[in-house]
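**Q** Residue numbers (mature numbering (1 follows the signal peptide of the UniProt record, and there is no 0)): -23 to -1, 1 to 374. The C-beta atom is built at its ideal place from N, Cα and C for all residues, glycine as well.
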Amino acid sequence: MSPFLTLARIALLCLSLCCSVHAAGTLDIIQQQPHRLTELQYQITDVSLSANELVADPALFHNFTALTPQQNTLRITAQQAVWLLAKIKNPYPEPWDAVLSYHFLAVDKVSFYKVATDIPSVQFLGRSGSAFPFSERPLPLYSFSQPLRFDIAEQTSVLIKLEDAAMIGTELSISSLAPLLEASLQQLQQDSMINGALLLLVLLALCRGVQQHQPALYALAGFYLAFLLVLITLNGQAFSRLWPLHPEMNAVFIYISVGASLACLSLFARFSLLRQSSGYGLWLNSGSFLLALLLLFSPLFASGPMKLKLLFICMTLVLSITLLQALFISLTTQVRYTPRFSLLAVAATLQLLLLQLSYMANFVQWLNTSLLFVLTISTFLLLHIPKARLQFARRDL
């Protein structure tokens, strides 16, 4: 055998080994982490339209348009529904037991359908959502998940009907059960770390308030407690542990907890920063407090779209007023320790903004790290507030 043929065989052997390693590595990557579906199509229809009516009408079924990356969330009314169409193929040389997951936890109803290939009909797979008891979910996960069975090289189309009265997300992922459970466990660990940090901040603020007789720190403790309620409502832990059989709590508690956190933040700014402020600063703070109370009691009088608009308006105005007042008072006054209280107000504002972004930006992981970092700064500031009692100007609320 010539040396050339020997080298050629060795090269082909190495190439085949590299290809097999690459294929195995690609397969391992798919098996180890959930894969986000990017080539989705959607359309918005009347909420009364059924899945069978949608696929039986060619004009409707071919009216789907591609979902762009910028459409992370869509706003709809109670009379509308969003349909997502996903085409999924089995990437394994064997049957695959997959799990399709929808990740926007605030949605009211999620229905899964499998489109039949031979006749224009659909097969109902299951339903979930925050409007149904947590115990009725096919899998005990915070996301809305539906098991799917794929044969070898099978490709199927799945319809997802989303119903809500305000806003919905559009993120879908597919994976095996084991990596999905691992990813859920990692998310639970991160949320538990933030929950523990918030509980420590509540206790620390209360202890410092008792130690120094400072009403501002009692308001700060109330803010962190309400912030904790906002967090566990958004990540689904409150639904699974506090009211698993009462899904009607999901539709109202987020507005109550956000309103309570904004009200406590306004009181903290009033007690700590505005003791030597002018009348305009107190009027702005009073307006912020009234807006927070309006959001707090909004489930009693507002509809879904109105509550959502009020949520964004209140967060924007209250956080902007608090942030600007904290920076202005810190830069223009010489009152002792005011910069530390200003930094606490700024940190609290950033925490609410980071939490809102983390659940509106497809769960960007670095936002959780940023939130922990800001909580650490808040702990440092609380520990370095001097023990001497501060003299506050007595002002009525």
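Report buried or exposed for Asp128, applying the criterion of at least 16 other Cβ atoms within 10 angstroms of its Cβ.
**A** It is exposed - the Cβ of Asp128 has fewer than 16 other Cβ atoms within 10 Å.
**Q** In the DSSP output, what is Thr22 paired with across the bridge?
**A** In DSSP, Thr22 forms a bridge with Ala58.
**Q** Using 8 Å as the cut-off, can you tell me whether the region 284 to 301 makes contact with the region 320 to 328, which would need three or more C-beta pairs spanning the two stretches below that distance?
**A** Touching, yes.
**Q** Express the C-alpha separation of Pro97 and Ala203 in angstroms, rounding to a whole number.
**A** Taking the straight line joining both Cα atoms gives about 50 Å.
**Q** Which one of Pro276, Leu197, Phe245, Gly146 has the shortest CA to CA distance from Leu183?
**A** Nearest C-alpha to Leu183: Leu197.
**Q** With DSSP collapsed to three states, give me the class of Gly213.
**A** Of the three classes helix, strand and coil, the one that applies to Gly213 here is coil, per DSSP.
**Q** Going by Cα to Cα distance, which pick from Arg13, Leu61, Arg52 is closest to Leu31?
**A** For Leu31, the nearest C-alpha among the options comes from Leu61.
**Q** Taking buried to mean at least 16 other C-beta atoms within 10 Å of its own C-beta, is Pro11 buried or exposed?
**A** Under this definition Pro11 is a buried residue.
**Q** Closest to Glu225 by CA distance: which of Asn262, Tyr79, Asp85, Gly258 is it?
**A** Considering only alpha carbons, the answer is Asp85.
**Q** Which residues mark the beginning and the end of the alpha helix (DSSP H) in which Glu159 is found?
**A** 154 to 189 is the extent of the alpha helix (DSSP H) around Glu159.
**Q** On the DSSP bridge list, what partners appear for Leu79?
**A** A small fix is needed here, since residue 79 is Tyr in this sequence, not Leu. DSSP output for Tyr79 lists Phe121, Leu149 as bridge partner(s).
**Q** Relative to the alpha-carbon of Leu250, which residue among Leu261, Gln191, Phe318 has its alpha-carbon at the smallest distance?
**A** For the residues Leu261, Gln191, Phe318, the minimum Cα distance to Leu250 belongs to Phe318.
**Q** Taking just the CA atoms, how far does Ile354 sit from Ile145?
**A** Cα to Cα, the separation comes out at about 33 Å.
**Q** Which residues does DSSP pair with Gln333 in a beta bridge?
**A** The partner list for Gln333 (beta bridge, DSSP) is empty, contrary to what the question assumes.
**Q** Any chance the region 25 to 43 sits against the region 90 to 108, with 3 or more Cβ pairs inside 8 Å?
**A** Judged by Cβ distances under 8 Å, the region 25 to 43 makes contact with the region 90 to 108, as three or more pairs qualify.
**Q** When the distance is taken between beta carbons, is Thr210 closer than 8 Å to residue 403?
**A** Nothing in the structure corresponds to residue 403, since the chain is present only between -23 and 374.
**Q** Please report the Cβ distance between Val59 and Ile21, rounded to the nearest whole angstrom; I am assuming they are in contact, meaning their Cβ atoms lie under 8 Å.
**A** Sure, about 5 Å apart at Cβ, within 8 Å.
**Q** Is the region 101 to 110 touching the region 64 to 74, taking contact as three or more C-beta pairs under 8 Å?
**A** Taking 8 Å as the limit for Cβ pairs, the verdict is that the region 64 to 74 does not touch the region 101 to 110.
**Q** According to DSSP, is Phe274 part of a helix, a strand, or is it coil?
**A** Three-state result, Phe274: coil.
**Q** Exposed or buried, Val187, counting other C-beta atoms within 10 Å across all chains shown (16 or more means buried)?
**A** Exposed, by the Cβ-count rule.
**Q** Could you round the C-beta distance between Ser238 and Asn262 to whole angstroms and report it? I think they count as a contact, below 8 Å.
**A** Between Asn262 and Ser238 the Cβ distance is about 16 Å, and since that is not below 8 Å, they are no contact.
**Q** Under the DSSP definition of a beta bridge, which residues are partnered with His12?
**A** Paired residues: Ile151.
**Q** Distance, Cα to Cα, Tyr201 vs Leu349?
**A** Cα to Cα, Tyr201 sits roughly 13 Å from Leu349.
**Q** His361: buried (16+ other C-beta within 10 angstroms of its C-beta) or exposed?
**A** Under this definition His361 is an exposed residue.
**Q** According to DSSP, is Ala63 part of a helix, a strand, or is it coil?
**A** Reduced to three states, the DSSP call for Ala63 is strand.
**Q** So, for Val179: in the same chain, excluding its five sequence neighbours on each side, which residues have a beta-carbon less than 6 Å away from its beta-carbon?
**A** Excluding residues within five positions, the ones whose Cβ falls inside 6 Å are Ala198, Tyr201, Leu202.
**Q** Run through DSSP, which three-state label would Gly264 get?
**A** Residue state, collapsed to three classes: helix.
**Q** Taking all protein chains shown into account, do 16 or more other C-beta atoms lie within 10 angstroms of the C-beta of Lys64, making it buried, or fewer, making it exposed?
**A** Classification of Lys64: exposed, given that the 10 Å Cβ count is below 16.
**Q** Could you check what DSSP says for Ala198 in three-state terms: helix, strand or coil?
**A** Reduced to three states, the DSSP call for Ala198 is helix.
**Q** To the nearest angstrom, report how far apart Gln189 and Phe248 are at their CA atoms.
**A** When rounded, the distance between both Cα atoms is 14 Å.
**Q** Go to Arg247, then tell me how far its beta strand (DSSP E) extends in each direction, as first and last residue.
**A** That residue, Arg247, is in no beta strand (DSSP E); its alpha helix (DSSP H) goes 227 to 249.
**Q** When we look at the beta-carbon of Gly256 and count the other beta-carbons within 10 Å, is it buried (16 or more) or exposed?
**A** Exposed, because fewer than 16 other Cβ atoms sit within 10 Å of the Cβ of Gly256.
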